[in-house]
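Using our numbering, the first residue of the sequence shown is number 28, and each one after it goes up by one.
The beta carbon of each residue, even a glycine, is placed where N, CA and C say it ideally should be.
Here the structure is a predicted model, which means the values were calculated and not measured.
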Amino acid sequence: MSTEKKWTQAEVVALYNKPIMELLYEAATVHRTYHDPNKVQVSTLISIKTGGCPEDCAYCPQAARYHTDVKAERLMSVEQVKTQALAAKAGGSSRICMGAAWRNVKDGPEFDQVLDMVRTLNRLDMEVCCTLGMLTENQALRLSEAGLYAYNHNLDSSAEYYEEIISTRSYDDRLQTIENVRKTNITVCSGGIIGMGESIANRADMLITLASLIPQPESVPINALVPVAGTPMEEMETVSIWEMVRMVATARILLPQTQVRLSAGRSNMSREGQALCFFAGANSIFAGDKLLTTPNPAINEDMELFKTLGLIPQQPFEKKSQPETIAMEDSQYQALGEKPQWSRPDHKIQRNLDKQHQEK
């Protein structure tokens, strides 16, 4: 039974808008109650299948329908992923997150290859995370058997604002995928993006949805939109560091035991701005010079910042023990050839229509 506070939108908006010094103090106090304030978990994101996505997420340069510089690529080999993972481990990362630009997981050779990647990386004694789109309960169980530590499936925004940015999948489908993951021993990583034109109330609602999940997600990424030329959101203004600090602090208070991840947009933040986010409760970052397709600070810059701030990279499996890897030949769960009917909402997104009209 959950003992977490049940937040209202008005309460969260008021919290978000508190005088910054009060908000920081409250968030930092919560942070120190549940976490070592000098430890930060470091992850590296590897795009194992880039571009060609059939979705219409207005912020994403990997959508096939947008004219961006992102070129569609085939699924990487297991050896390619292992090489990058070893380099990341040597640089201080404790977790590898593998991202594929898929709408949903499909049983077959490519998913089998991903399962092989999971087995290979777990044997390197690294936390392994995947973000592969929507997946069924059986697919989640197969990932769990392979040794997957975490599954990322972001809500992106609030249920209300979601329809302003995506029309090819529903909010309920995202929640269903998280529910499927929860039927296994895989931890949940789910967060969102700010700076897409949403209101503070929308941001509050997204955090309330995450905080209301039982149990709460073990990891919550807070992303700042990185506007990319060719996407419907290419003209959006980047959010200020104060908005990021407030969002991180609010997330920390609503999700006290969660690792709050400072994600996309860090390349636009000063070192001092990032330090404020760490003080506000962020205790996880993505390292490496790229997050799928958008820029990110280089790992040596991060390690230099850690040294300046006296921060220590968190070791793998400090929060939860390493999952066992079951060999494929010993697997209890096999491919079912499922063809789930994930929804395709029929609403239209005006900014996407405007973008299409401009390109004609």
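query, result
"Own chain residues within Cβ distance below 8 angstroms of residue 312, not counting five before or after", "67, 68, 69, 70, 288, 289, 290, 293, 329"
"Neighbourhood of residue 304 by C-beta distance below 7 angstroms, restricted to the same chain and skipping five residues each side", "271, 272, 275, 289"
"Nearest to residue 104 (by Cα), restricted to the options 88, 140, 34", "140"
"DSSP state of residue 369 mapped onto helix, strand, coil", "coil"
"Spatial neighbours of residue 138 in its chain, beta-carbon cut-off 6 angstroms, leaving aside the 5 residues before and after", "132"
"Three-way DSSP call (helix, strand, coil) for residue 34 in this model", "coil"
"Proximity of residue 345 and residue 286 at Cβ, strictly below 8 angstroms", "no"
"Residues near residue 201 in its chain [Cβ-Cβ closer than 7 angstroms; skip 5 each side]", "180, 182"
"6 angstroms Cβ shell around residue 134 - same chain, five flanking residues per side excluded", "362, 364"
"Residue 326 - containing alpha helix (DSSP H), residue span", "326–336"
"Cβ pair residue 120, residue 314 closer than 8 angstroms", "yes"
"Cβ neighbour criterion (16 or more within 10 Å) applied to residue 334", "exposed"
"Collapsed DSSP secondary structure at residue 179 in the structure displayed", "strand"
"Cα-Cα separation between residue 193 and residue 86, rounded to whole angstroms", "9 angstroms"
"Rounded Cβ spacing between residue 76 and residue 129 (contact assumed at less than 8 angstroms)", "7 angstroms"
"Cα-Cα separation, residue 233 to residue 184", "6 angstroms"
"Enclosing beta strand (DSSP E) for residue 123 [first to last residue]", "122–127"
"Pairwise C-alpha distance: residue 58 and residue 306", "9 angstroms"
"Cβ-Cβ separation, residue 162 to residue 155 (assumed contact under 8 angstroms), whole Å", "Contact flag wrong, Cβ pair sits at about 15 angstroms."
"Nearest candidate by alpha-carbon position, reference residue 168, set 177, 208, 143, 203", "208"
"Residue 300: first and last residue of the uninterrupted alpha helix (DSSP H) it sits in", "298–307"
"Segment limits, alpha helix (DSSP H) that includes residue 276", "268–281"
"Buried or exposed by the 16-neighbour rule on C-beta atoms within 10 Å, applied to residue 301", "buried"
"For residue 227, the first and last residue of its enclosing alpha helix (DSSP H)", "227–239"
"Where residue 147 sits in the DSSP three-state scheme", "helix"
"Residue 313 - partner residues in DSSP beta bridges", "70"
"Beta carbon of residue 390 nearer than 8 angstroms to that of residue 216", "Nothing can be reported for residue 390: it is not among the residues displayed for the chain, which extend from 28 to 387."
"Same chain, Cβ closer than 6 angstroms to residue 225, five either side skipped, listed in chain order", "184, 188"
"Proximity of residue 238 and residue 369 at Cβ, strictly below 8 angstroms", "no"
"Residue 47 (DSSP reduced to helix, strand or coil)", "helix"
"Rounded straight-line distance, which links the Cα of residue 48 to that of residue 308", "14 angstroms"
"Cβ-based burial, residue 60 [other Cβ within 10 Å; buried from 16]", "exposed"
"Buried or exposed by the 16-neighbour rule on C-beta atoms within 10 Å, applied to residue 89", "buried"
"Contact under 8 angstroms by Cβ, residue 11 with residue 124", "The first residue shown for the chain is 28 and the last is 387, placing residue 11 beyond what the model contains."
"Environment of residue 351 [buried if 16+ CB atoms lie within 10 Å]", "exposed"
"Three-way DSSP call (helix, strand, coil) for residue 196 in this model", "coil"
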